[in-house]
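J.:
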Amino acid sequence: MKPKKQRLENSIEILARQNLGYHEFILKFSDIEEISSLIDVRDLDMWRTLGLDITRNESNEIELGTRFRDISEQEFCVVDIETTGGTTNGQIIEIGAIKMKNGTEIGRFESFVAASAVPENITELTGIRASDLVGAPNLLNVLERFKIFLGTSVFIAHNVNFDYGFISHSLNEIGLGILLNRKLCTIDLSRRTIASQKYGLGSLKELLGINNTHHRALNDAVAAAEIFKVCLTRLPFSIQTTEDLISFSKNAPSVKLKPEPVLKALE
Numbered sequence: 001m002k003p004k005k006q007r008l009e010n011s012i013e014i015l016a017r018q019n020l021g022y023h024e025f026i027l028k029f030s031d032i033e034e035i036s037s038l039i040d041v042r043d044l045d046m047w048r049t050l051g052l053d054i055t056r057n058e059s060n061e062i063e064l065g066t067r068f069r070d071i072s073e074q075e076f077c078v079v080d081i082e083t084t085g086g087t088t089n090g091q092i093i094e095i096g097a098i099k100m101k102n103g104t105e106i107g108r109f110e111s112f113v114a115a116s117a118v119p120e121n122i123t124e125l126t127g128i129r130a131s132d133l134v135g136a137p138n139l140l141n142v143l144e145r146f147k148i149f150l151g152t153s154v155f156i157a158h159n160v161n162f163d164y165g166f167i168s169h170s171l172n173e174i175g176l177g178i179l180l181n182r183k184l185c186t187i188d189l190s191r192r193t194i195a196s197q198k199y200g201l202g203s204l205k206e207l208l209g210i211n212n213t214h215h216r217a218l219n220d221a222v223a224a225a226e227i228f229k230v231c232l233t234r235l236p237f238s239i240q241t242t243e244d245l246i247s248f249s250k251n252a253p254s255v256k257l258k259p260e261p262v263l264k265a266l267e
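Read in the UniProt record's numbering, the sequence shown has 159 at position 159, and its numbers run on one by one without any break.
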């Protein structure tokens, strides 16, 4: 039997490729406890509250908006978080996000999150101290506001599974559900559009001439957004819709570095 999370993700991937009849949709997702225990799967507004951009069309089918929407019409939300550790032993202490449409910033989100302590190694990495978090809003407050900001936009991050997974886990832990937004990783997309020896955020910033402070949430979100914009200028013409883009980022061949010319030694 497939893990619950994988069943849910695989079923949403089907929607990314084809519409489902309304009753087929209800039957399929009613059988997946991870979602049916959270929402009434018949209520499409509840799905959208969790970030999945679905509608019921005139043919009584459920369709995913990103499947038909042109990239220039899609809202993307580029996100970065700073944490005190992993999902099992840490918490979010800062969220930064840039919302974009057609290459233009249309909104930004930035907030510290209250925490009782910040490990020394995290302070060394980010510059964030426990004193910076005094008086900051609690996690519930920040995530409620972030969910509203995110809406049904496509969630983008550099190493997206970390940021997306951490936020989704944190939302679920405090009773706000999970994330179902479509997601895209700028590492994956960069590998298919930018020739580079390394694809870490710092390496790509240096390669592309992006200058800002590293390891702070909003600055890293801004940097990832700039990388994303560069990637968009290098897409094949055949990549037109948002789902085209997501699929391309995962499945297209990686860009190959041109071999350096070998210089013959002078005799």
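From the three backbone atoms N, C-alpha and C, an ideal C-beta is built for every residue, glycine too.
1. Using CA atoms only, rank isn't needed, just tell me which of G21, I35, H23 and Y22 is closest to N10.
2. May I ask whether a heavy atom of the ligand NAD can be found less than 7 Å away from the beta carbon of T83?
3. Please state whether DSSP places D70 in a helix, a strand or coil.
4. Here's the rule I'm using: 16 or more other beta-carbon atoms within 10 Å means buried, otherwise exposed. How should T213 be labelled?
5. In terms of alpha-carbon separation, which member of T186, F149, G127 and L139 lies closest to C231?
6. Helix, strand or coil: which one does DSSP assign to A97?
7. Taking the alpha helix (DSSP H) that E243 belongs to, which residues open and close that run?
8. Which one of G103, A130 and Q74 has the shortest CA to CA distance from I93?
9. What are the uninterrupted segments assigned as alpha helix (DSSP H) that are 4 or more residues long and contained completely in the region 108-182, given in chain order?
10. Which word fits F155, buried or exposed, when buried means at least 16 other C-beta atoms lie within 10 angstroms of its C-beta?
11. Would you decide whether G127 is buried or exposed? Buried here means 16 or more other CB atoms lie within 10 Å of its CB.
12. Could you round the C-beta distance between G177 and L171 to whole angstroms and report it? I think they count as a contact, below 8 Å.
13. Anyone know if the C-beta pair for I81 and A225 falls short of 8 Å?
14. For the region 62-71 against the region 105-123, are there 3 or more C-beta pairs whose distance is under 8 Å?
15. Inspect the beta-carbon positions of T83 and Q91 and report whether they are closer than 8 Å.
16. Does the Cβ of A221 have 16 or more other Cβ atoms within 10 Å, making it buried, or fewer, making it exposed?
17. Just confirm the distance between the C-beta atoms of I167 and L179, as a whole number of angstroms; I'd bet it's less than 8 Å.
18. CB-CB under 6 Å to I12, same chain, minus the five flanking residues each way: which ones, in chain order?
19. What span of residues does the beta strand (DSSP E) with D80 cover, start to end?
20. For E33, which three-state DSSP category applies?
21. Apart from the five residues just before and just after L245, which ones in its own chain have a Cβ nearer than 6 Å to its Cβ?
22. Indicate whether G51 and T152 have their beta-carbon atoms separated by less than 8 Å.
23. Answer yes or no: do F112 and L140 have a C-beta to C-beta separation smaller than 8 Å?
24. What residue ranges within the region 38-70 form continuous alpha helix (DSSP H) runs of no fewer than 4 residues, ordered along the chain?
25. If you count every other CB in all the chains shown that lies within 10 Å of the CB of E243, and 16 or more means buried, which is it?
26. In whole angstroms, what is the alpha-carbon distance linking I106 and I210?
27. Could you check how far apart the C-beta atoms of S249 and L184 are, in whole angstroms? I think they sit under 8 Å.
28. Answer yes or no: does any C-beta atom of chain C fall closer than 8 Å to that of S72?
29. Note down the Cα distance separating S247 from R192, rounded to an integer number of angstroms.
T.: Quick look at the numbers:
1. Answer by Cα proximity: I35.
2. Among the components modelled here there is no ligand, and therefore nothing to report on the ligand NAD.
3. Assignment of D70 by DSSP, reduced to helix, strand and coil, places it in the strand class.
4. exposed
5. Of the listed residues, the one whose Cα sits closest to C231 is T186.
6. In the three-state DSSP reduction, A97 falls in the strand class (E or B).
7. T242 to N251
8. A130
9. 120-126, 139-150 and 160-173
10. buried
11. exposed
12. That belief holds up - the Cβ atoms of G177 and L171 are roughly 6 Å apart, short of 8 Å.
13. Going by C-beta atoms, I81 is not nearer than 8 Å to A225.
14. no
15. yes
16. buried
17. 6 Å
18. none
19. Its beta strand (DSSP E) spans residues E75 to T83.
20. helix
21. Exclusion of the five residues before and after L245 leaves I71 and I239 as the residues of its chain whose Cβ lies within less than 6 Å of its Cβ.
22. Against a cut-off of 8 Å, the Cβ pair of T152 and G51 comes out as a contact.
23. In this structure, F112 lies away from L140, with their beta-carbon atoms at least 8 Å apart.
24. 44-49 and 65-68
25. Buried is the call here.
26. Between I106 and I210, the C-alpha separation is close to 20 Å.
27. About 5 Å separates the beta carbons of S249 and L184, which is inside the 8 Å limit, making them a contact pair.
28. In the structure shown, chain C does not exist; there is a single protein chain.
29. 11 Å
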